[in-house]
């Protein structure tokens, strides 16, 4: 069974600084997707970024980028130039292409302070 | 982007009653919809997967007779919590998947805003 581990329950960062959230996963599959979702206080899940396992290049979306290490089964999220609006819970998620199910990590609560 | 709505956003009911939660894809046809449950300060746990016109597939440990899922059309799925009890109080979130196998959008799920259920 696949598992997703986020070892940082809480993180904090000052506005305009950079922060990295960690995520590791366990799978025996070769074809899968990895995602980072943001859940602000409104509790609406928002897709931040996704990575296809077959792509070696790390995904980037504006201030958000990932460091995907397939051999190490690591998928960290880097947020550059942090903004107050980035304050939220961040969930790392895994999807096996065979099952189409999203498996979520336990989340990291990120607080951005002025 | 694709929009998914849920109704109601918050419901309070008495123990023993049934509650229906609707999940709608507003601007796309959802081939598959998913139902999740989220306890306070915890992660999302998949309850079931529903495909339009067929029976839902429930995850291990989820009572199918208690959590009835109907996916009657490509834009609507409903979750009915039958004979609700206080332990069913939780945040229920649906997601919908657009596109067909092989399309770029196929592996992305769009989430609804969630429904908070409180059973007294």
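Residue numbers (the working numbering), protein chains in the order written: chain E, 1 to 114; chain G, 1001 to 1120.
We put the beta carbon where it would ideally sit given N, CA and C, even for glycine.
It should be emphasised that the depicted structure is a prediction, and the values quoted were computed from it without experimental measurement.
Could you check the C-alpha separation between residue i and residue j for me, to the nearest Å?
i, j, result
"residue 63 (chain E)", "residue 83 (chain E)", "10 Å"
"residue 69 (chain E)", "residue 48 (chain E)", "18 Å"
"residue 17 (chain E)", "residue 31 (chain E)", "34 Å"
"residue 1045 (chain G)", "residue 106 (chain E)", "10 Å"
"residue 23 (chain E)", "residue 91 (chain E)", "9 Å"
"residue 97 (chain E)", "residue 1085 (chain G)", "36 Å"
"residue 1007 (chain G)", "residue 1022 (chain G)", "5 Å"
Mind checking residue i: buried by the 16 CB within 10 Å criterion, or exposed?
i, result
"residue 1071 (chain G)", "buried"
"residue 1115 (chain G)", "buried"
"residue 113 (chain E)", "exposed"
"residue 1016 (chain G)", "exposed"
"residue 93 (chain E)", "buried"
Distance cutoff 8 Å, beta carbons only. Does residue i sit that close to anything in chain G?
i, result
"residue 101 (chain E)", "yes"
"residue 113 (chain E)", "no"
"residue 105 (chain E)", "yes"
"residue 44 (chain E)", "yes"
"residue 91 (chain E)", "yes"
"residue 54 (chain E)", "no"
"residue 33 (chain E)", "yes"
"residue 47 (chain E)", "yes"
"residue 140 (chain E)", "A question about residue 140 (chain E) goes unanswered here, because the residues of chain E that appear run from 1 up to 114."
Compare the Cα-Cα distances from residue i to each of the options and report the closest residue.
i, options, result
"residue 1024 (chain G)", "G:1066, G:1084 and G:1009", "G:1009"
"residue 104 (chain E)", "E:75, E:15 and E:87", "E:75"
"residue 55 (chain E)", "E:67, E:45, E:48 and E:38", "E:67"
"residue 61 (chain E)", "E:99, E:15 and E:37", "E:37"
"residue 1075 (chain G)", "G:1097, G:1118 and G:1091", "G:1097"
"residue 13 (chain E)", "E:100, E:79 and E:95", "E:79"
From which residue to which residue does the beta strand (DSSP E) around residue i run?
i, result
"residue 195 (chain E)", "Outside the shown range of chain E, which is 1 to 114, sits residue 195 (chain E), and nothing can be said about it."
"residue 26 (chain E)", "24-26"
"residue 84 (chain E)", "Segment: none, residue 84 (chain E) is in no beta strand (DSSP E) and carries neither H nor E."
"residue 104 (chain E)", "102-104"
"residue 78 (chain E)", "74-79"
"residue 1034 (chain G)", "1032-1038"
From the beta carbon of residue i, is the nearest beta carbon of chain E less than 8 Å away?
i, result
"residue 1086 (chain G)", "no"
"residue 1113 (chain G)", "yes"
"residue 1107 (chain G)", "yes"
"residue 1021 (chain G)", "no"
"residue 1012 (chain G)", "no"
"residue 1044 (chain G)", "yes"
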